[in-house]
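>
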Amino acid sequence: MEAETLHISSTLAVLEGTLVATNTAGRVVEAALPVLPGDRADATLTIYSTTEERTTEV
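Encoded structure:
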């Protein structure tokens with residue numbers, strides 16, 4: 455399916471990721487599932503840690 459959408463051969467690799475943005479309460483406010491042709495894409499991962507741990511009350 456990805457190959458058809460990206461107009462590439464079905465034998466080529468793809469780079470797939472999951473991006474999730476949350477607000478200060480920990481609720482998801484944005485999500486994305488990008489899929490890029492693996493032979494034409496580079497990825498850089500940057501992680502920002504929060505100063506406070508998020509806790510969930512049960």
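Residue numbers are given in the working numbering: position 41 of the sequence shown equals residue 495, and the series is strictly consecutive.
Note that the Cβ used here is the ideal one computed from N, Cα and C, for glycine as well.
The structure displayed is predicted, hence computed values, not measured ones.
Between residue 469 and residue 485, which are expected to be in contact by the criterion C-beta below 8 Å, what is the C-beta distance as a whole number of angstroms?
Their Cβ separation, rounded to whole angstroms, is 17 Å, which puts residue 469 and residue 485 out of contact at 8 Å.
> Note down the Cα distance separating residue 502 from residue 493, rounded to an integer number of angstroms.
28 Å
> Could you please give me the residues that DSSP links to residue 482 through a beta bridge?
476
> Just the C-alpha distance for residue 455 and residue 472, rounded to the nearest angstrom, thanks.
17 Å
> Between which two residues does the beta strand (DSSP E) carrying residue 469 extend?
Residue 469 -> beta strand (DSSP E) spans 468-470.
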